[in-house]
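First up is the structure itself, then whatever we jot down about it.
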Amino acid sequence: MIEHKILFTGTVGAGKTTAIQAISEIPPVCTDVLSSDPTIGKEKTTVALDYGEISLGKTERLRLYGTPGQQRFAFMWKILAQGALGLVILVDHSRPDPLRDLMIYLDNFKTLIQESACVVVICKMDESHPPLLEDFTQAMKQKQMVYPVIPADVRDKEQVLWILELLLVQMETRQ
Amino acid sequence: MMHDNDLAEDEIAISYASACCSRRDLVLLKSVLSLYGAQGHAVWHYHRSREVDVLVIGPEIASAEAAAVLHSDARNGGQAMLWINDLPVSPDNPRVFQCKPPLRALQLVAKLKQIELYIRQQRARQAASPRFEGREQLETARFALIQWPPLDFFSGDKDFLRMSSMLSVRRMTLDELTLQSTRPREKCRKFLYEMHRAGYARLIGPEEENPLPPASAQSNAPKRSGLNGLFSRIRASLGLSSA
Chain R
-5 MIEHKILFTG
5 TVGAGKTTAI
15 QAISEIPPVC
25 TDVLSSDPTI
35 GKEKTTVALD
45 YGEISLGKTE
55 RLRLYGTPGQ
65 QRFAFMWKIL
75 AQGALGLVIL
85 VDHSRPDPLR
95 DLMIYLDNFK
105 TLIQESACVV
115 VICKMDESHP
125 PLLEDFTQAM
135 KQKQMVYPVI
145 PADVRDKEQV
155 LWILELLLVQ
165 METRQ
Chain L
148 MMHDNDLAED
158 EIAISYASAC
168 CSRRDLVLLK
178 SVLSLYGAQG
188 HAVWHYHRSR
198 EVDVLVIGPE
208 IASAEAAAVL
218 HSDARNGGQA
228 MLWINDLPVS
238 PDNPRVFQCK
248 PPLRALQLVA
258 KLKQIELYIR
268 QQRARQAASP
278 RFEGREQLET
288 ARFALIQWPP
298 LDFFSGDKDF
308 LRMSSMLSVR
318 RMTLDELTLQ
328 STRPREKCRK
338 FLYEMHRAGY
348 ARLIGPEEEN
358 PLPPASAQSN
368 APKRSGLNGL
378 FSRIRASLGL
388 SSA
């Protein structure tokens, strides 16, 4: 079996599990446990990874991995990043400091981003509150990492497919 | 008429025009601008044409016309707009500066400072980019994405979004972009022209001609050979049309 993978990362509650669920052909395999952290705002959270897949034929499949969100699981991020075709970073705009959240993922996945493809998705965007989309693009420009930054609702399959479209055109361009 | 030679070294001249403004707002604006310029800030001067640095739009504009102006503005070379009205404006449009009526001097001065900073940054960006010689150069020059544009720039054009995504991983010429995107050459030309004009893409000088960043010696990236057809198969499985 030939296997490829795309990675979804981002803060706890940003929607990694939901995004994978929207496009996976199989019911996603989640390793959620009851959360002991009351600040993350949900009962269960992912501690190892989420997994979904898309069949590309009889002998080939695309694996969709969601990383655990909390930074204490950063050791898992590097393992999961090995050999990935591209990365989707989900940023929860409703968190206290979403710009800082984004920087954490840009730093930790820097090598993968520079060598593959990356789309930054701002979830739960509230345009009446900062940071604005422009603040995210400016912050990325400062780090010389200029990639798509788009708001999206990852519960909507069409929007997740559009995210993958922007990722795919980068992969095809790099080829 | 103000000439750059008339200015002190750090001063800049900013041209502006107005539309749909009330008489009261224009009088206040001109009074504040004369005081503002006298305090060592940019020198603002009025023009009748719309080919100016800043367009001031008053409250008497119809909302349909306002929407048209905003869309054209997003693709129009970085022209700043001072909106003196209550109309909704996307907060992530960096060129639009809004003062809600009734216009007050302090609020106006704060916006003038923001606009001045914006124009200084735009001019610095243009000065740092190799000189753009027009259509002929557009045919051969290589372009790099320097900032992801705001959503207003795209105006819902998915081809422009795709092309921006392509340009985020590779510096490209018009020929390369046309080939890669499979979109009409005229559309690709328009995209590059507008991206450059708005300051989101810059020309690459001959000394930077490396189109792709060098791969790390300890690359984690999958082997690129053997990817032929993979992306087509992914597209087919996801129901996405080919690029």
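Going down the list, the protein sequences come from chains R and L. Just so we're aligned, residue -5 is where the first sequence starts under the working numbering, counting upward by one. Just so we're aligned, residue 148 is where the second sequence starts under the working numbering, counting upward by one. Glycine is no exception: its CB is placed at the ideal position from the N, C-alpha and C atoms. All values derive from a computational prediction rather than experimental measurement.
| Item | Value |
| --- | --- |
| Following the continuous alpha helix (DSSP H) through S178 of chain L, name the residue where it begins and the one where it ends. | 170 to 185 |
| Do you know how far the Cα of Q153 of chain R is from the Cα of D147 of chain R? | 7 Å |
| Can you say whether G386 of chain L is buried or exposed, counting buried as having 16 or more other CB atoms within 10 angstroms of its CB? | exposed |
| Could you tell me which of L:V190, L:P241, L:E198, L:K247 sits nearest to E207 of chain L, measuring between CA atoms? | L:K247 |
| Looking only at C-alpha atoms, which of R:L84, R:D91, R:Q164 sits nearest to H123 of chain R? | R:D91 |
| V316 of chain L touches chain R at which residues, Cβ-Cβ below 7 Å? | A111, Q164, T167, R168 |
| Figure out for me which residue from R:G51, R:A68, R:T61 has the closest Cα to the Cα of C24 of chain R. | R:T61 |
| Can you pull the chain R neighbours of W312 of chain L, defined as C-beta to C-beta under 7 Å? | One detail in the question is off: residue 312 of chain L reads as Ser in this sequence, not Trp. Neighbours of S312 of chain L on chain R, chain order: P142, L160, V163, Q164. |
| Which chain L residues are close to G51 of chain R, counting only those with a beta carbon under 9 Å from its beta carbon? | R380, S384 |
| If you draw a straight line from the alpha carbon of M97 of chain R to that of C168 of chain L, how long is it in whole angstroms? | 43 Å |
| List, in chain order, every chain R residue whose beta-carbon is nearer than 9 Å to that of Q269 of chain L. | Under the 9 Å cutoff, chain R gives no residues; its nearest Cβ is about 14 Å from Q269 of chain L. |
| Start and end of the alpha helix (DSSP H) containing M165 of chain R? | 151 to 168 |
| May I ask which residues mark the beginning and end of the beta strand (DSSP E) holding W191 of chain L? | 190 to 193 |
| What residues from chain A crowd round K135 of chain R, counting only those whose CB sits closer than 9 Å? | Here chain A cannot be found, since the structure's protein chains are R and L. |
| Any C-beta of chain L sitting closer than 8 Å to the C-beta of H87 of chain R? | no |
| Applying the 10 Å Cβ sphere with the 16-neighbour rule, what's the burial state of I83 of chain R? | buried |
| With distances taken from CA atoms, which of L:W230, L:I293, L:R171, L:S165 is nearest R242 of chain L? | L:W230 |
| Can you list, in chain order, the residues of its chain whose CB lies under 7 Å from that of P125 of chain R, leaving out five sequence neighbours each side? | P92, L93 |
| Using a C-beta to C-beta distance shorter than 8 Å, which residues of chain R count as neighbours of R344 of chain L? | Going along chain R, no residue has its Cβ under 8 Å from R344 of chain L, so there is no contact; the nearest lies around 18 Å. |
| Could you say which of R:M(-5), R:T167, R:I107, R:L100 lies nearest to L50 of chain R if we only look at CA atoms? | R:M(-5) |
| First and last residue of the alpha helix (DSSP H) that includes W71 of chain R? | 68 to 75 |
| Relative to the alpha-carbon of L74 of chain R, which residue among R:R168, R:K(-1), R:L158 has its alpha-carbon at the smallest distance? | R:K(-1) |
| So which residues on chain L does T3 of chain R lean against when the C-beta distance must stay under 9 Å? | Ordered by position in chain L, no residue passes the 9 Å Cβ test against T3 of chain R, which lies about 15 Å from the chain. |
| Tell me, please, whether the region 340 to 351 of chain L touches the region 291 to 303 of chain L by the rule of three or more beta-carbon pairs shorter than 8 Å. | yes |
| Residues in its own chain within less than 7 Å of P145 of chain R by CB, not counting five upstream and five downstream? | I116, M119, L127 |
| L100 of chain R and L1 of chain R - do their beta-carbons sit closer together than 8 Å? | no |
| In the DSSP assignment, find the beta strand (DSSP E) that holds M228 of chain L and state where it starts and stops. | 227 to 230 |
| Determine the burial state of K104 of chain R: buried for a count of at least 16 other Cβ atoms within 10 Å of its Cβ, exposed for fewer. | exposed |
| Looking at C-alpha atoms only, which residue of R:V114, R:L58, R:G63, R:V143 is the closest neighbour of I177 of chain R? | Because chain R spans -5 through 169 in this model, residue 177 of chain R falls outside it and cannot be assessed. |
| What residues are listed by DSSP as bridge partners for D44 of chain R? | R:C24, R:G60 |
| Here's the rule I'm using: 16 or more other beta-carbon atoms within 10 Å means buried, otherwise exposed. How should G352 of chain L be labelled? | exposed |
| Hey, does P249 of chain L have any beta-carbon neighbour from chain R nearer than 8 Å? | no |
| Do the CB positions of V179 of chain L and V256 of chain L come within less than 8 Å of each other? | yes |
| Using CA coordinates, which residue listed in R:K137, R:M165, R:I157 is at the minimum distance from I14 of chain R? | R:I157 |
| With a Cβ-Cβ cutoff of 8 Å, do T131 of chain R and M313 of chain L count as a contact? | no |
| Put C112 of chain R into one of helix, strand or coil per three-state DSSP. | strand |
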